[in-house]
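Counting in my numbering, the sequence shown runs from 3 upward without gaps.
In what follows, a single structure is set out as structure tokens and then discussed.
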Amino acid sequence: MSEQEHKVDSSGVAIRRATKNEQWSAITALLHRAYAVHAARGLRFYASYQDENVTRERADEGECYLALIDSVVVGTVTALPGGRKSECSWYVRPDVASMGQLAVDPAFQHRGIGTSLMDLAEGRAREWGARQIAIDTSEHATDLITLYSKRGYKIVDSISWPVTNYRSVILAKSLQPHHDHA
């Protein structure tokens, strides 16, 4: 996907790739709001407390996309190519892309924005030639594990990140190439 906006649906949601000049403080605040429900349960997701420099650094590791309504950022995801430097053996594999910093502002959830962002990340992974895409979350975030499982993700590993207070499960999904039918 290029820098231009891409309309998702008739609800006025647009998705575009983030630029270097974004309001990283606003994107960080969005992440904090989206992960606050987990923080309230005692789960220290990095996105629930990271500062804007970390948000920008994590976005720069891949392709960061923003979902906007009336020019206001309401969601984000970072699609990451395989073969990157990571403590997670799945993320190091060249045939496994991943996604991170997936978030939708709580005021805009349940409108398909998260689904559109995940579809975009999965599509980019296919374009990169990845055979699988992976994501991680707290083993205690059963709502997220259920959501990812419904999309075809399966738990394949676990890891304890130094920036969280829980064990994460790594979920991966096989990426079948899309074939156009003539």
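Backbone N, C-alpha and C fix where the C-beta goes; we use that ideal spot for every residue, glycine too.
Inside the region 65-116, DSSP marks whole beta strand (DSSP E) runs of 3 or more residues at positions 65-71, 74-82, 98-106, from first to last along the chain. In summary, Val94 is exposed, with fewer than 16 beta-carbon neighbours lying within 10 Å of its beta-carbon over all protein chains present. The continuous beta strand (DSSP E) containing Thr139 extends over residues 134-140. In the DSSP assignment, Leu173 is bridged to Ile137, Ile157. Setting aside the 5 residues that flank it on each side, Ala20 is surrounded in the same chain by Ala61, Cys66, Tyr67, Leu68, each with a C-beta closer than 7 Å to its C-beta; the list follows chain order. In the DSSP assignment, Val165 is bridged to no other residue. In the three-state reduction of the DSSP assignment, Arg128 falls in the helix class, which pools H, G and I.
Judged by DSSP secondary structure, Ala28 falls outside any beta strand (DSSP E) and instead within the alpha helix (DSSP H) spanning 26-42. Going by C-alpha positions, Ala127 is about 7 Å away from Pro83. Taking 7 Å as the cut-off, the Cβ atoms of Thr78 and Ala105 count as close. Judged by their CB atoms, Ala99 and Ala132 are nearer to each other than the 7 Å cut-off. If you compare the alpha carbons of Glu129, Ser162, Ala81, His40 with that of Arg18, the shortest gap goes to Ala81. In this structure, Ser140 places its C-beta atom within 7 Å of the C-beta atom of Leu45. Within the model, the alpha-carbon separation for Trp92 versus Asp107 is close to 28 Å. It is roughly 32 Å from the alpha-carbon of Ile161 to the alpha-carbon of Leu70.
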